[in-house]
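*Asks:* Numbering (this note's numbering), first residue to last: 1 to 373. No residue lacks a Cβ here, since even glycine has one placed at the ideal position from N, Cα and C. Since the model is a prediction, treat every value here as computed from it, not as a measurement.
1) Tell me residue 97's beta-bridge partners as DSSP assigns them.
2) For residue 91 and residue 174, what's the separation of their Cα atoms in angstroms?
3) Please report the straight-line C-alpha distance between residue 119 and residue 52, rounded to a whole angstrom.
4) In angstroms, rounded to a whole number, what distance separates the CA positions of residue 373 and residue 148?
5) Between which two residues does the alpha helix (DSSP H) harbouring residue 24 extend?
6) Determine the burial state of residue 16: buried for a count of at least 16 other Cβ atoms within 10 Å of its Cβ, exposed for fewer.
7) Taking three-plus beta-carbon pairs below 8 Å as touching, is the stretch 70-81 in contact with the stretch 105-119?
8) Quick check on residue 267: buried or exposed, where buried means 16 or more other Cβ atoms within 10 Å of its Cβ?
9) Quick one: what does DSSP say residue 173 is sitting in, helix, strand or coil?
10) Starting from residue 305, trace the beta strand (DSSP E) both ways and give me its first and last residue.
11) Excluding the five sequence neighbours on either side, which residues of its own chain have a C-beta within less than 8 Å of the C-beta of residue 207, listed in chain order?
12) If you run the structure through DSSP and keep just helix, strand and coil, what is residue 251?
13) Go ahead and label residue 368 buried or exposed: buried means 16 or more other beta carbons lie within 10 angstroms of its beta carbon, across all protein chains shown.
14) Identify which residue in 136, 164, 295 and 141 has its Cα closest to the Cα of residue 170.
15) Going by C-alpha to C-alpha distance, which of 184, 265, 24 and 4 sits closest to residue 276?
16) Out of 1, 28 and 2, which one is the CA nearest neighbour of residue 271?
17) Determine, using beta carbons only, whether residue 76 comes closer than 8 Å to chain D.
18) So, helix, strand or coil for residue 339, using DSSP?
19) CB-CB under 6 Å to residue 366, same chain, minus the five flanking residues each way: which ones, in chain order?
20) Measuring CA to CA, which of 59, 75, 74 and 350 is closest to residue 87?
21) Taking the CB atoms as reference points, tell me whether residue 222 and residue 194 lie closer together than 8 Å.
22) Can you tell me whether residue 316 is helix, strand or coil according to DSSP?
23) Report the option in 154, 117 and 133 whose CA atom is closest to the CA atom of residue 98.
24) By the three-class DSSP mapping on this structure, what secondary structure does residue 292 have?
25) Pick out whichever of 265, 235, 113 and 89 has its Cα sitting closest to the Cα of residue 100.
26) Does the distance from the C-beta atom of residue 343 to that of residue 324 stay below 8 Å?
27) Could you tell me if residue 69 is buried or exposed, where buried requires 16 or more neighbouring beta carbons within 10 angstroms of its beta carbon?
28) Could you name the residues that DSSP lists as bridge partners for residue 163?
29) Within 10 angstroms of the Cβ of residue 395, are there 16 or more other Cβ atoms? Answer buried if so, exposed if not.
30) Rounded C-beta distance between residue 8 and residue 73? I'm assuming under 8 Å.
31) Whole angstroms are fine: how far does the CA of residue 348 sit from the CA of residue 390?
32) Compute the distance between the beta-carbons of residue 377 and residue 18, then report whether it is under 8 Å.
33) Using beta-carbon positions only, say whether residue 33 and residue 283 come within less than 8 Å of one another.
34) Since residue 20 and residue 67 should fall inside the 8 Å C-beta cutoff, what is the C-beta to C-beta distance between them, to a whole number of angstroms?
35) Cβ of residue 294 within 7 Å of any heavy atom in the ligand ZN?
36) If you reduce the DSSP assignment to three classes, tell me which class residue 369 lands in.
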């Protein structure tokens, strides 16, 4: 029987090649782990917000294609409805998860999340800014405000004795985008720094507006969410001046053995390595081990990745790995770039600590997977 992986692919307006990059990373990873003849069967799940469609397409891959491993780009909320299906077929389900939602469903021996720890990175940025400043201006996009990034900033700032003294939420229409309210808050809120949570085209608009408004708009240091510092995004953004800090899950400039192998594999496919290819690459590593040892063996399992040593937490079934502190700086042709400064180790206790706050009142209306707009 031929070995088959099923892959539920996302759609993204701002990252049109995202699904293709995940597929390329998965195929390259399968070749690297010694499974080059594995067939990858795909289904498109759009923005991922339709739970019934996700379920039906996963079921089709299992029943009609007989895939042995299911890989899906899903956040914690959208993955949960598939848990029962995974348990019934007793096959590994691997979810590729930006980590901008928190797990809220009981773990399952057959379901695991490769998380890029977005909310955790926001928590670390909040903790760092609170060590320097006590009054924080929160600036978030209409889109990112519906995920757990701003909440993660809030709990870390509050735990350090600081407070959010103003909230700016951008619009989402390109023609109407304005930072006038943000500039007004700079004058009146008395903030010492800015916690910035933007991604996709809204980050590009925010950077553009900061540059247009000049020195006043960037007079305070910014502590940014990780996907505001995503390298494909930054390459499109004009650097506005100012100081920008961020923690990210991975950068193309990291130097380690796994990174060199991954980079070489992607270059052989005429691709520049990116975050979405890395998702697929790690899915191949995890999926192959899940086949070899059985899905329950993934609980507590450790593997090496271009982003460092990765561990599947026994109690959450989400991965945790080092994060990387650095700065958004001026790059080529006046665009933005990310410069890594140092590695931030993440232990099991760190992975669960920021999730332990009372968060019953945190409500998100967004059902689409992060990046899928």
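*Replies:* If we stick to the structure as given:
1) Bridge partners of residue 97 according to DSSP: 115.
2) Approximately 44 Å, taken between the alpha carbons.
3) Taking the straight line joining both Cα atoms gives about 27 Å.
4) Rounded to the nearest angstrom, the two C-alpha atoms are 17 Å apart.
5) Where residue 24 is concerned, the enclosing alpha helix (DSSP H) stretches over 18-32.
6) Here residue 16 is exposed: its Cβ has fewer than 16 other Cβ atoms, across all protein chains shown, within 10 Å.
7) In short, these stretches touch, since the Cβ pair count reaches three.
8) Counting of Cβ neighbours within 10 angstroms places residue 267 among the exposed residues, the total staying below 16.
9) Reduced to three states, the DSSP call for residue 173 is coil.
10) Looking at the DSSP string, the run of the beta strand (DSSP E) that includes residue 305 is 302-305.
11) So the list reads 237, 238, 239, 240 and 336, once near-sequence residues are dropped.
12) Correct three-state label for residue 251: coil.
13) Flag for residue 368 reads buried.
14) Considering only 136, 164, 295 and 141, the residue with the shortest C-alpha distance to residue 170 is 141.
15) Checking every option, the nearest Cα to that of residue 276 belongs to 24.
16) Residue nearest to residue 271 within the set 1, 28 and 2 is 28 (criterion: CA-CA distance).
17) Absent from the structure is chain D; it holds one protein chain and no more.
18) Residue 339 falls in the strand class under three-state DSSP.
19) Answer for residue 366: 146, listed in chain order.
20) Ranked by how close their Cα comes to the Cα of residue 87, the residues 59, 75, 74 and 350 have 59 in first place.
21) Cβ atoms of residue 222 and residue 194: closer than 8 Å.
22) The DSSP-derived three-state label of residue 316 is coil.
23) Of the candidates 154, 117 and 133, the one whose C-alpha sits nearest the C-alpha of residue 98 is 117.
24) Here residue 292 sits in helix by DSSP.
25) Ranking the options by Cα distance to residue 100, first place goes to 113.
26) In contact: residue 343 and residue 324 (Cβ atoms closer than 8 Å).
27) Per the 10 Å Cβ criterion, buried.
28) Residue 163 pairs with 135.
29) Here the chain covers residues 1 to 373 and nothing more, so residue 395 does not appear.
30) Contact flag correct, Cβ pair sits at about 7 Å.
31) The structure shown does not extend to residue 390, since the chain is modelled only from 1 to 373, so the question has no answer here.
32) No answer is possible for residue 377: it lies beyond the span of the chain, which begins at 1 and ends at 373.
33) The answer is no: Cβ separation not under 8 Å.
34) That pair is no contact at about 19 Å.
35) Only the bare structure without any ligand can be found here, which leaves the ligand ZN out of the picture.
36) DSSP places residue 369 in coil when its eight states are reduced to three.
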